[in-house]
Structure formats: structure tokens, C-alpha cells
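Quick note: the sequence shown, position 28, residue 28 per our numbering, numbers continuous.
We put the beta carbon where it would ideally sit given N, CA and C, even for glycine.
On a predicted model such as this, the values are computed, not experimentally measured, just so you know.
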Amino acid sequence: MKSDNELLIKLQAIQDRFEEVGRMITDPDVIADMKRYVKLNKEYKDLEEVSKAYKEYKHVVENIDSSRAILAEETDEEFKELAKEELQELENRKETLEEDIKIMLIPKDPEDDKNAIVELRAGTGGDEACIFVDDMFRMYTMYFKERGFSFEIINSTPGSVKGYKEIVMEVSGEGVYGTLKFESGVHRVQRVPETESQGRVHTSAITVAVLPEAEEVDFELNMSDVKKDTFRASGAGGQHVNKTESAVRLTHIPTNTVVECQDGRSQHKNYEKALQVLRSRLYQAELERVNQERSAHRKSLVSSGDRSAKIRTYNYPQGRITDHRINKTMYNLNNFMNGDIQEMIDALKVAENAEKMQAGETL
Numbered sequence: 001m002k003s004d005n006e007l008l009i010k011l012q013a014i015q016d017r018f019e020e021v022g023r024m025i026t027d028p029d030v031i032a033d034m035k036r037y038v039k040l041n042k043e044y045k046d047l048e049e050v051s052k053a054y055k056e057y058k059h060v061v062e063n064i065d066s067s068r069a070i071l072a073e074e075t076d077e078e079f080k081e082l083a084k085e086e087l088q089e090l091e092n093r094k095e096t097l098e099e100d101i102k103i104m105l106i107p108k109d110p111e112d113d114k115n116a117i118v119e120l121r122a123g124t125g126g127d128e129a130c131i132f133v134d135d136m137f138r139m140y141t142m143y144f145k146e147r148g149f150s151f152e153i154i155n156s157t158p159g160s161v162k163g164y165k166e167i168v169m170e171v172s173g174e175g176v177y178g179t180l181k182f183e184s185g186v187h188r189v190q191r192v193p194e195t196e197s198q199g200r201v202h203t204s205a206i207t208v209a210v211l212p213e214a215e216e217v218d219f220e221l222n223m224s225d226v227k228k229d230t231f232r233a234s235g236a237g238g239q240h241v242n243k244t245e246s247a248v249r250l251t252h253i254p255t256n257t258v259v260e261c262q263d264g265r266s267q268h269k270n271y272e273k274a275l276q277v278l279r280s281r282l283y284q285a286e287l288e289r290v291n292q293e294r295s296a297h298r299k300s301l302v303s304s305g306d307r308s309a310k311i312r313t314y315n316y317p318q319g320r321i322t323d324h325r326i327n328k329t330m331y332n333l334n335n336f337m338n339g340d341i342q343e344m345i346d347a348l349k350v351a352e353n354a355e356k357m358q359a360g361e362t363l
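Below you can see the structure in the form of C-alpha cells.
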């Protein structure tokens with residue numbers, strides 16, 4: 001860590017910016033410019049934690065200086081002993097704060113606070129892959145409940161025997177994208193399928209895509225580039241299914257990106273949801289392009305954004321889960337599939353922070 005003085009200077013500069021942004025978000029001209037106001041509000045929230053840590057750190061450093069001065073001048077042994085104890089406590093607190101501040105000074109992904117669109121799709125493995133999509137959907141929704149996240153299914157396509165070929169959902173809550181972004185990639189399962197009579201272990205795979213939900217202030221979609229088709233919904237859903245053309249298909253002509261939504265009862269609601277997913281997919285593609293340009297020199301092992309990469313294996317006979325990006329293996333598969341996935345997510349966050357620190361990325 002830098003010397004106390006260097007760190008205090010750096011933190012004071014951040015504190016000055018925090019106070020400046022605080023004044024700006026009360027300015028009527030800024031409030032009138034929604035795009036700028038949203039951006040500054042987010043910056044204010046991001047800097048608030050550093051501001052609190054700075055005030056405490058400054059207070060601790062000042063108290064350490066006072067304790068040292070007392071030790072240098074005091075002659076009363078009992079009083080000196082008390083000052084020594086206090087100094088040790090302060091030094092310990094200073095060390096803890098420095099470690100916390102190191103993490104705080106790593107630039108946050110600006111998308112981390114957003115809601116997310118989560119897409120689960122069956123890959124290799126036929127019916128078994130569709131069943132695993134259903135298992136993973138259950139795992140994630142149990143985790144969402146534990147975290148206080150809410151979700152809504154936007155589109156789903158049932159498998160031919162059981163499970164789903166595809167499920168797309170919108171997940172809302174605090175820091176959803178920052179929590180779920182590490183789940184993007186290929187998830188492989190090794191187990192005896194329900195559809196297998198011989199009892200042999202098969203390997204199947206599904207893909208998970210986690211997209212930051214794009215708002216209108218984030219991404220401007222030219223509606224003249226979007227073709228809208230309506231069709232009759234299929235699958236489960238009650239009496240309205242197949243009677244009205246409530247399902248919506250949107251095609252972004254320049255990129256040939258296609259989004260379907262048929263889980264809502266009204267065409268209007270399905271259109272709004274499909275538009276949301278389309279905007280998020282195009283926004284994600286643009287983000288990936290920009291990030292590749294920025295980090296061409298450093299290939300992140302944790303969140304490379306390569307959705308074709310095999311990231312995790314779920315081995316049922318051995319009851320283990322292995323994340324191949326950080327070589328972490330856990331032997332609590334039953335609990336994991338019941339939504340107990342926080343330990344793995346935390347380990348991935350720590351690995352990403354370590355990468356950023358090694359690369360010298362700080363505010």
C-alpha cells in the first residue's frame with residue numbers, strides 16, 4: 001500500500017469529486033438533463049462508500065499520530081501502557097481499512113448495478129440438456145429468492161420430453177448484473193440421464209448468457225431498423241394460447257438479431273418485453289466490442305465474455321462442482337443445485353479483483 005500521505009492525498013481528491021458531484025445533482029440544469037443526471041447520480045452512489053472509508057481512515061491516522069506523540073512525551077508507565085494498547089488497535093484498524101480501500105479503488109464495472117436478462121439454452125445432449133436447463137432454472141430462482149432478487153419469465157420453449165429448450169428471464173434487484181455476470185458460458189453436466197435405461201453416465205451442456213439490462217438512456221435503438229411480426233403463442237399458458245396473435249417476434253435488420261416473446265397475455269406487454277431484450281442484446285454486443293478493444297493486452301480468466309467457453313462442470317456421481325476458470329472444486333452439489341451458489345460467486349469476484357489489482361487498475 002502507498003504511504004499514509006500518498007493514500008490520503010488520493011482519497012482527498014476522490015472526496016473533492018464526491019462533494020462536487022453532490023452539488024451538481026442538485027443543479028436544476030443537471031436535473032433537466034436526464035441522461036447526465038442518471039450518470040452523475042450513479043457516480044455519487046459509487047463514491048459514497050470511498051468517502052466514508054476516507055473519513056474513517058483519516059481519523060485513524062490522526063489518532064495514531066496522537067498516540068505516538070503521547071508515547072514519546074509521557075512518563076507515567078501506566079498511561080504509556082494504555083497508549084500502547086490503543087496504538088496497536090489503531091494500527092490493526094488502519095491495516096484493515098487499507099485492505100478495504102484497495103478493493104474500493106478498483107474501478108467498478110459500470111454495468112454491475114444494472115438488472116439483468118438471463119438466457120438459458122439447451123446445448124449438446126438432446127432431452128437431457130433440456131432437463132438440465134430446468135434444473136439450472138430452479139437453482140437460479142432459489143438463489144434469487146435467497147438474495148431478494150425478483151424475476152419474470154420473458155420467453156420459454158419447452159423440451160420435447162421434459163424441461164426447456166430455452167428460458168429467458170428478466171432479473172431485478174440490487175447489483176444483479178454484477179452478481180450474475182460470472183455465470184455466462186457453457187455449463188456441463190455429467191450424470192445418468194432420466195431418459196437413459198442402461199444407467200450410463202452421459203455428458204450434456206447448456207449455455208447461460210447474462211446481459212446487463214439496457215435502458216433507453218444507455219442505448220439508442222433506431223426503431224426503423226426493427227421489423228415486428230406477431231404470431232399465435234404456443235405451449236402452456238391457458239385458454240388465450242393459440243386464439244390471438246399475442247406473441248411478438250422482433251428482428252433487428254442490420255444485425256439479424258431475433259427476439260421472441262410469448263409468455264405475456266397481451267401483445268403490448270410481449271412487445272415491450274421483446275424490445276427490452278433486443279435493446280439489451282445489442283447493448284451487450286457493443287459493450288463486448290468496446291471491452292475487447294480496451295483489454296486486448298489482458299485476457300481475463302474470470303469474465304472473458306466468451307460464451308462458448310466451458311466454465312463449469314456439475315458431476316452428479318461424485319457430487320462435485322468445478323469452476324474451470326479459477327480451478328475451484330466444491331463437494332456440495334445437492335445444496336448448490338438448491339441455490340447455495342454464493343461461495344462460488346464470491347470466489348469469482350475475488351479472482352477478478354486480484355486480476356485488476358495485478359494489472360494496476362485503480363481509480
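query: Can you look up Gln239 in the DSSP assignment and give me helix, strand or coil?; result: Because the pLDDT of Gln239 is 42, which lies under 50, any placement of that residue in the model is unreliable, and the number read from its coordinates should be weighed accordingly. In the structure shown, Gln239 sits in coil (DSSP, three-state: anything other than H, G, I, E or B).
query: Does the contact criterion of 3 or more C-beta pairs under 8 Å hold for the segment 332 to 344 versus the segment 136 to 144?; result: yes
query: Out of curiosity, what's the CA-to-CA distance linking Asp346 and Phe79?; result: 44 Å
query: Indicate whether the contact test is met: 3 or more Cβ pairs, each with one atom in the segment 273 to 293 and one in the segment 180 to 188, closer than 8 Å.; result: no
query: How long is the line joining the alpha carbons of Glu95 and Val61, rounded to whole angstroms?; result: 11 Å
query: Cβ atoms of Ile106 and Lys349: under 7 Å apart, would you say?; result: no
query: Which full runs of the beta strand (DSSP E) of 3+ residues lie inside the segment 94 to 162, going along the chain?; result: 116 to 122, 150 to 158
query: To the nearest angstrom, report how far apart Gly237 and Arg279 are at their CA atoms.; result: Unreliable positioning characterises Gly237 in this predicted model, as indicated by a pLDDT of 44, which lies under 50. A coordinate reading is not provided.
query: Please classify Gln262: is it buried, with 16 or more other beta-carbons within 10 angstroms of its beta-carbon, or exposed?; result: buried
query: Taking just the CA atoms, how far does Met142 sit from Val171?; result: 13 Å
query: Within a Cβ cutoff of 6 Å, which residues of the same chain sit near Met24, ignoring the five residues on either side of it in sequence?; result: Val30, Leu40
query: Indicate the three-state DSSP secondary structure (helix, strand or coil) for Pro193 in the structure shown.; result: coil
query: Just to confirm, are Val189 and Phe231 a CB contact at a threshold of 7 Å?; result: no
query: Among Ile153, Val208, Leu47, which has the Cα closest to the Cα of Ile103?; result: Leu47
query: Please classify Ala296 as buried or exposed, where buried requires at least 16 other C-beta atoms within 10 Å of its C-beta.; result: Because Ala296 carries a pLDDT of 48, less than 50, the predicted location of this residue cannot be relied on, and the following value inherits that uncertainty. The residue in question, Ala296, is exposed, as its Cβ has fewer than 16 Cβ neighbours within 10 Å.
query: In its own chain, which residues sit with a C-beta less than 7 Å from the C-beta of His252, not counting the 5 before and 5 after it?; result: Asp225, Val226, Leu278, Leu282
query: Report the three-state DSSP secondary structure of Ile64 (helix, strand or coil).; result: helix
query: Taking only three categories from DSSP, how would you classify Asn338?; result: coil
query: Would you check if the distance between the CB atom of Ala116 and the CB atom of Tyr44 is smaller than 7 Å?; result: no
query: Out of Asp27, Thr26, Val50, Pro28, which has the shortest C-alpha to C-alpha gap to Ala13?; result: Val50
query: Taking C-beta to C-beta, are Ala309 and Gly185 nearer than 7 Å?; result: yes
query: By Cβ distance, which residues of its chain are closer than 8 Å to Leu7, with the 5 residues on each side in sequence left out?; result: Met1, Tyr57, Glu98, Ile101
query: If we count the other Cβ atoms within 10 Å of its Cβ and call it buried at 16 or more, is Ser67 buried or exposed?; result: buried
query: Can you give me the start and stop residues for the alpha helix (DSSP H) that Pro212 sits inside?; result: Looking at the DSSP string, Pro212 is not in any alpha helix (DSSP H); the run it does join, the beta strand (DSSP E), is 202 to 212.
query: For Ile9, count neighbouring C-beta atoms within 10 Å of its own C-beta (all shown protein chains included) and say buried if the count is 16 or more, exposed if not.; result: exposed
query: Could you have a look at Ser266 and say whether DSSP puts it in helix, strand or coil?; result: coil
query: Three-state secondary structure (DSSP) at Glu174?; result: coil
query: Give the secondary structure of Glu260 by DSSP, where H, G and I count as helix, E and B as strand, and everything else as coil.; result: strand
query: Ends of the alpha helix (DSSP H) at Ile25?; result: Per DSSP, Ile25 belongs to no alpha helix (DSSP H) and is neither H nor E.
query: Using beta-carbon positions only, say whether Pro212 and Glu111 come within less than 7 Å of one another.; result: yes
query: Pick helix, strand or coil for His324, following the three-state DSSP scheme.; result: coil
query: Assign His240 to buried or exposed, taking buried as 16 or more other Cβ atoms, counted over all protein chains shown, within 10 Å of its Cβ.; result: Caution is warranted here: a pLDDT of 44 is assigned to His240, below 50, making its placement in the model unreliable, and the coordinate value is therefore given only provisionally. Burial call: exposed.
query: Expressed to the nearest angstrom, what Euclidean distance is found between the alpha-carbon atoms of Ala351 and Leu287?; result: 21 Å
query: Measure the C-alpha to C-alpha separation of Glu81 and Asn315 and round it to an integer number of angstroms.; result: 58 Å
query: So what does Asp229 bridge to, in DSSP terms?; result: Arg249
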